[in-house]
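Reviewing the structure listed below.
Below, the structure written as structure tokens:
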């Protein structure tokens, strides 16, 4: 009888042990997710993949992270803190421009973060001060709340578009021969001089012109245009 009770108690203890999820340090989860994204891209990240990498079942991982969106948010968390805040000018126009350029400079160094940002409304809480500064500068310059928010979104779209294009071109260049042919302007023919006169005129030095593109100069023009509506 006593042996049966001991055996039964041991069985119950065993069942409890099976049901108890293994403790995983949050830092391990985040580091694993970041490594996957940096090496293989955000598309390779999944709860199942992270669980496998850290040596637990997917169900065990769900005890620590609610879903993939939360995993991505944890992956972004604290990234902005790794970059010191710049000294910002007091003038609101100059302040708006300085923060805009800072956002671009920071994200240019961490292309994997840009890829995560393509997935939707995911961000790093530590980065929200930059959004607040741009909107605040717009309000100080006389924009309405709506136009100040729209100004921020326009600036962000310019930054984001430039980064996505630049990252894509850099990736293609790394995967192909450095002397690969450029489809444009080589696809222009002599007869295009009538239909496409300006592009035809630029064809001979198109590469030099496009490579002189300065995002800071273009953001300054965007800021001036947005604030002219105040």
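Numbering (the working numbering), first residue to last: 14 to 243. Beta carbons: idealized from backbone N, C-alpha and C, even for Gly.
Scanning its chain for C-beta atoms nearer than 8 Å, with the 5 sequence neighbours on each side dropped, one finds around residue 60 the residues 71, 74, 75, 78, 80, 81, 84, in chain order.
When the alpha-carbon of residue 88 is set against those of 179, 69, 103, 139, the nearest one is in 139. Taking all protein chains shown into account, residue 117 has 16 or more neighbouring C-beta atoms within 10 Å of its C-beta and is therefore buried.
Cβ-Cβ distances below 6 Å link residue 176 to 120, 127 in the same chain, with the five nearest sequence neighbours on each side left out; the list follows chain order.
For residue 174, the enclosing alpha helix (DSSP H) begins and ends at 158-188. Three or more beta-carbon pairs drawn from the segment 139-157 and the segment 98-113 are found closer than 8 Å, and the two stretches are therefore classed as touching.
Residues 215 of the same chain have their beta carbon placed closer than 7 Å to that of residue 222, with the five preceding and five following residues left out of the count.
Residue 105 places its beta carbon 8 Å or farther from that of residue 115. Within the model, the alpha-carbon separation for residue 38 versus residue 64 is close to 12 Å.
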